[in-house]
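Scroll down for the structure; my scribbles are underneath it.
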Amino acid sequence: MSIVSLGIEQLDAEHREILDLNVLLFNAINNRGPTVDTLDVTSRLYRLATNHFKNEEEAFEGWEGGPNHVLLHNHVVRKLNTIFAKFDSQSPGYTAEKHREHLAELSELVGVWLNDHIALEDTKYIPYVLEKQRASNV
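Residue numbers for the sequence shown follow our numbering, beginning at 195 and rising by one.
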């Protein structure tokens with residue numbers, strides 16, 4: 195999977211890192227590649243995604259579409275929180291298969307977000323951010 199480059203290095207680097215973590219997660223779910231600590235990968239993925247949203251929101255501060263874009267971020271965070279709430283290895287009946295299902299649900303959410311949100315939503319604020327950067331360099 196490749197993702198759309200926005201032309202803003204910090205955000206593009208974060209997108210690539212999120213993609214790399216999601217690939218690790220996908221491979222772990224499907225028993226491909228090296229063994230990974232899925233708790234570590236999922237924790238890093240969550241932290242990176244939420245920090246990334248904050249970085250994006252700072253970058254497009256003042257953009258007229260910003261409030262709606264923040265709502266999209268909040269929606270993704272709520273979905274992430276719902277999935278993460280399911281990761282409770284101490285609850286009765288929690289099995290390795292349930293864990294795998296929750297990992298797959300997380301990986302699918304992240305994959306769809308990377309593919310659709312970046313291409314369809316993030317590209318909307320790019321002209322504003324690039325113009326803001328140009329104006330600050332003058």
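Where a beta carbon is used, it is the ideal one built from N, C-alpha and C, also for glycine. In this text the structure is predicted, and so the values were computed from the model without any measurement.
#### Entry: Whether Asn249 touches Leu205 by CB criterion (8 Å)
Looking up residue 249 in the sequence shown gives position 55. Looking up residue 205 in the sequence shown gives position 11. Result yes, Cβ atoms of Asn249 and Leu205 sit closer than 8 Å.
### Query
Leaving out five residues before and five after Trp257 in sequence, what residues of the same chain have Cβ atoms less than 7 Å from its Cβ?
By 1-based counting over the sequence shown, the position of residue 257 is 63. Cβ within range, chain order: Tyr319 and Tyr322.
### Message
By the DSSP assignment, the alpha helix (DSSP H) with Arg210 in it spans what residues?
### Response
Numbered from 1 along the sequence shown, position 16 holds the residue referred to as residue 210. Glu203 to Ile223 is the span of the alpha helix (DSSP H), which, as asked, contains Arg210.
### Message
Going by C-alpha to C-alpha distance, which of Leu239, Ile223 and Asp234 sits closest to Asp214?
### Response
If you number the sequence shown from 1, residue 214 lands on position 20. Looking at the Cα atoms, Leu239 is the closest of the given residues.
### C-alpha distance - His246 paired with Glu208, whole-angstrom precision
Mapped onto the sequence shown, residue 246 falls at position 52. Mapped onto the sequence shown, residue 208 falls at position 14. About 7 Å.
### Query
Three-state secondary structure (DSSP) at Val332?
One-based indexing of the sequence shown puts residue 332 at position 138. In this structure, Val332 counts as coil in the three-state DSSP scheme.
### Query
Thinking C-beta only, is Asp316 closer than 8 Å to Leu200?
On the sequence shown, position 6 is the one that residue 200 refers to. On the sequence shown, position 122 is the one that residue 316 refers to. It is a contact, given that the beta carbons lie within the stated cut-off.
### Query
Glu251 lies in the alpha helix (DSSP H); which residues open and close that run?
As a working mapping, residue 251 is identified with position 57 in the sequence shown. Run containing Glu251: Thr232 to Ala253, per the alpha helix (DSSP H) assignment.
#### Entry: Separation of Lys280 from Pro286, as counted between CA atoms
Translated into positions along the sequence shown, residue 286 becomes position 92. Translated into positions along the sequence shown, residue 280 becomes position 86. Cα to Cα, Pro286 sits roughly 12 Å from Lys280.
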